[in-house]
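A.B. asks: Numbering (our numbering), first residue to last: 312 to 584.
Idealized CB from N, CA, C, for every residue including glycine.
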Amino acid sequence: MLLLSSLPQAAAQQAPTGPSAAISALDAGNAAEASSLPDRWKLIVSPYVWALSLDGDASLAGFDTHVDVPFSETLKHLDLAIMGNVEVTNGRFGFYVDGQYAQTSQEEELLSNELAVGITTTTLALGAFYRAYEVELGGLTVFNEARVFALEPTIGLRWTKLEATVDALGLSVTKQANWTDPFIGLRLNADLDERWNLWAEADIGGFDIGSKISYSAQAFLGYRTFVLDHPTVLRLGYRVTAQDFETDDFTGSNKFQWDVTQHGPIIGFSMQF
Numbered sequence: 312m313l314l315l316s317s318l319p320q321a322a323a324q325q326a327p328t329g330p331s332a333a334i335s336a337l338d339a340g341n342a343a344e345a346s347s348l349p350d351r352w353k354l355i356v357s358p359y360v361w362a363l364s365l366d367g368d369a370s371l372a373g374f375d376t377h378v379d380v381p382f383s384e385t386l387k388h389l390d391l392a393i394m395g396n397v398e399v400t401n402g403r404f405g406f407y408v409d410g411q412y413a414q415t416s417q418e419e420e421l422l423s424n425e426l427a428v429g430i431t432t433t434t435l436a437l438g439a440f441y442r443a444y445e446v447e448l449g450g451l452t453v454f455n456e457a458r459v460f461a462l463e464p465t466i467g468l469r470w471t472k473l474e475a476t477v478d479a480l481g482l483s484v485t486k487q488a489n490w491t492d493p494f495i496g497l498r499l500n501a502d503l504d505e506r507w508n509l510w511a512e513a514d515i516g517g518f519d520i521g522s523k524i525s526y527s528a529q530a531f532l533g534y535r536t537f538v539l540d541h542p543t544v545l546r547l548g549y550r551v552t553a554q555d556f557e558t559d560d561f562t563g564s565n566k567f568q569w570d571v572t573q574h575g576p577i578i579g580f581s582m583q584f
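1. Determine contact between the stretch 458-477 and the stretch 539-548, defined as no fewer than three beta-carbon pairs at a distance below 8 Å.
2. Tell me whether the beta-carbon of Tyr359 lies closer than 7 Å to the beta-carbon of Ile524.
3. How is the beta strand (DSSP E) around Phe382 delimited, first residue to last?
4. Within the continuous beta strand (DSSP E) that includes Thr558, where are the two ends?
5. Kindly list the residues whose CB is nearer than 6 Å to the CB of Ile393, restricted to its own chain and excluding five residues on each side of it in sequence; keep chain order.
6. Kindly confirm or deny that the stretch 531-538 and the stretch 470-487 touch, where touching means at least three C-beta pairs closer than 8 Å.
7. Tell me which residues share the same chain as Arg458 and place their Cβ nearer than 8 Å to its Cβ, disregarding the 5 neighbours each side in the sequence.
8. Looking at C-alpha atoms only, which residue of Glu418, Tyr407, Leu391 is the closest neighbour of Thr433?
9. In whole angstroms, give me the CA-to-CA distance for Thr353 and Trp510.
10. Is the beta carbon of Ala488 sitting closer than 7 Å to the one on Phe537?
11. I need the straight-line Cα distance from Phe518 to Gly575, nearest angstrom please.
12. Taking the beta carbon of Val399 as the centre, do at least 16 other beta carbons fall within 10 Å, making it buried, or is it exposed?
13. Using only the alpha-carbon positions, how far apart do Tyr549 and Ala513 sit?
14. When the Cα atoms are used, what is the spatial distance from Gly467 to Asn455?
15. When the Cα atoms are used, what is the spatial distance from Ala436 to Glu418?
16. Since Thr552 and Ser581 should fall inside the 8 Å C-beta cutoff, what is the C-beta to C-beta distance between them, to a whole number of angstroms?
17. Below 8 Å on the Cβ atoms is my contact criterion, and I expect Gly367 with Tyr407 to pass it. Report the Cβ-Cβ distance as a whole number of Å.
18. How should Arg469 be labelled, buried or exposed, when 16 other C-beta atoms within 10 angstroms of its C-beta is the threshold for buried?
19. Helix, strand or coil for Phe584, going by three-state DSSP, please let me know.
20. Less than 7 Å separating the beta-carbons of Leu365 and Gln573?
21. Quick one: what's got a C-beta closer than 6 Å to Ile515's C-beta in the same chain, skipping five residues either side?
22. Residue range of the beta strand (DSSP E) that Lys523 falls in?
23. Check whether the Cβ atoms of Thr415 and His388 lie closer than 7 Å to each other.
24. Using DSSP with H/G/I as helix, E/B as strand and the rest coil, what is Gly517?
25. Can you give the Cα-Cα distance for Ile493 and Ser522, rounded to whole angstroms?
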């Protein structure tokens, strides 16, 4: 009891005074305010560009081929690409949609005739996450939020559609395959200082429901700033996505197989509304 009753007096004797005391009190007040803010829903829009390369094996109509397409070739044949992520979160729970849509085309010569091949790839992931673990690292970010290290389990579905069109001798044939993979994963967020941030995510799925197995992993280094008065994180990172899918193809007697890994650097930004 003597020790407890002496603490206030000792603290008062050691407490700083003057301008430094005012600054310390202000910082403490800001931190307390940031940690006690009520949950509010935020919309985060994140367009990005993924410079992907492809590597793996594919089979169609009885023909097996090794897929080895560097980014330079992907860019050469790219007609249209739309990529982005939209997230809604209150800081504890959240939902997101991540998608990529790409059209590629190329022309070849087959028996002195022009052969045009167009491939459209669409991937759409829908997921939810929960902030299961969080520890404050001290201080505030430039967005006036407490710096934290956090882990967020995530669960969702990833839908993939491949569509190929072949034009030759005045004829056009289009074939497609699509499948849906359930996945589970983990997201990591670490505030390095008031501006720099490390964010990563990894998941595994398929489980023979869609693909035999699939996985995805990505990591970003982010820099906080303001764009048009909106909190914005500029991001640079790397993403890898792999799928091993197999089904009967349009011939009815052969297999369509897509055992391909897509990987490459990714750049974008996340704007908060």
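C.D. replies: From the atom records:
1. no
2. The residue labelled residue 359 in the question sits at position 48 within the sequence shown. The residue labelled residue 524 in the question sits at position 213 within the sequence shown. No, the Cβ-Cβ distance between Tyr359 and Ile524 is not below 7 Å.
3. Here residue 382 corresponds to residue number 71 of the sequence shown, with the count starting at 1. Element bounds for Phe382: not the beta strand (DSSP E) but the alpha helix (DSSP H), 382-388.
4. Here residue 558 refers to the residue found at position 247 of the sequence shown. 541-559 is the span of the beta strand (DSSP E), which, as asked, contains Thr558.
5. For the purposes of this step, residue 393 is taken as residue 82 along the sequence shown, with counting starting at 1. Hits under 6 Å: Tyr412.
6. no
7. As a position in the sequence shown, residue 458 is number 147, starting the count at 1. Closer than 8 Å at Cβ, skipping near neighbours: Glu447, Leu448, Gly449, Gly450, Leu451, Thr452, Asp502, Asp504, Glu505.
8. The sequence position of residue 433 within the sequence shown is 122, counting from 1. Looking at the Cα atoms, Leu391 is the closest of the given residues.
9. What you label residue 353 is simply residue 42 of the sequence shown in a count that begins at 1. What you label residue 510 is simply residue 199 of the sequence shown in a count that begins at 1. According to the sequence as given, residue 353 is Lys; it is not Thr. Those two C-alpha atoms are separated by around 18 Å.
10. Counting from 1 along the sequence shown, the entry for residue 488 is found at position 177. Counting from 1 along the sequence shown, the entry for residue 537 is found at position 226. No; because the gap between Cβ atoms is not below 7 Å, this pair is not in contact.
11. Within the sequence shown, numbered from 1, the residue matching residue 518 stands at position 207. Within the sequence shown, numbered from 1, the residue matching residue 575 stands at position 264. One C-alpha to the other measures close to 25 Å.
12. Your numbering for residue 399 matches position 88 in the sequence shown. Result: exposed.
13. In the sequence shown, the residue the question calls residue 549 occupies position 238. In the sequence shown, the residue the question calls residue 513 occupies position 202. Cα-Cα distance, rounded: 12 Å.
14. Here the question's residue 467 lines up with position 156 in the sequence shown. Here the question's residue 455 lines up with position 144 in the sequence shown. Whole-angstrom Cα-Cα distance: 31 Å.
15. As a working mapping, residue 436 is identified with position 125 in the sequence shown. As a working mapping, residue 418 is identified with position 107 in the sequence shown. So the alpha carbons of these two residues sit roughly 31 Å apart.
16. Translated into positions along the sequence shown, residue 552 becomes position 241. Translated into positions along the sequence shown, residue 581 becomes position 270. With 8 Å as the limit, Thr552 and Ser581 do not qualify as a contact, their Cβ atoms being about 19 Å apart.
17. The residue given as residue 367 occupies position 56 in the sequence shown. The residue given as residue 407 occupies position 96 in the sequence shown. At roughly 27 Å, the Cβ-Cβ gap does not stay under 8 Å, so Gly367 and Tyr407 are not in contact.
18. Taking the sequence shown and counting its residues from 1, one reaches residue 469 at position 158. Per the 10 Å Cβ criterion, buried.
19. The residue given as residue 584 occupies position 273 in the sequence shown. Coil.
20. Within the sequence shown, numbered from 1, the residue matching residue 365 stands at position 54. Within the sequence shown, numbered from 1, the residue matching residue 573 stands at position 262. A contact, by the Cβ cut-off of 7 Å.
21. As a working note, residue 515 is residue 204 in the sequence shown. So the qualifying residues of the chain are Tyr526.
22. The sequence position of residue 523 within the sequence shown is 212, counting from 1. It is not in any beta strand (DSSP E) - Lys523 carries neither H nor E in the DSSP assignment.
23. As a first step, residue 415 is located in the sequence shown; it is residue number 104 there, counting from the start. As a first step, residue 388 is located in the sequence shown; it is residue number 77 there, counting from the start. Yes.
24. Within the sequence shown, numbered from 1, the residue matching residue 517 stands at position 206. The answer is coil: DSSP assigns Gly517 none of H, G, I, E or B.
25. The count along the sequence shown starts at 1 and reaches residue 493 at position 182. The count along the sequence shown starts at 1 and reaches residue 522 at position 211. Contrary to the premise, residue 493 reads as Pro rather than Ile in this sequence. Cα-Cα distance, rounded: 9 Å.
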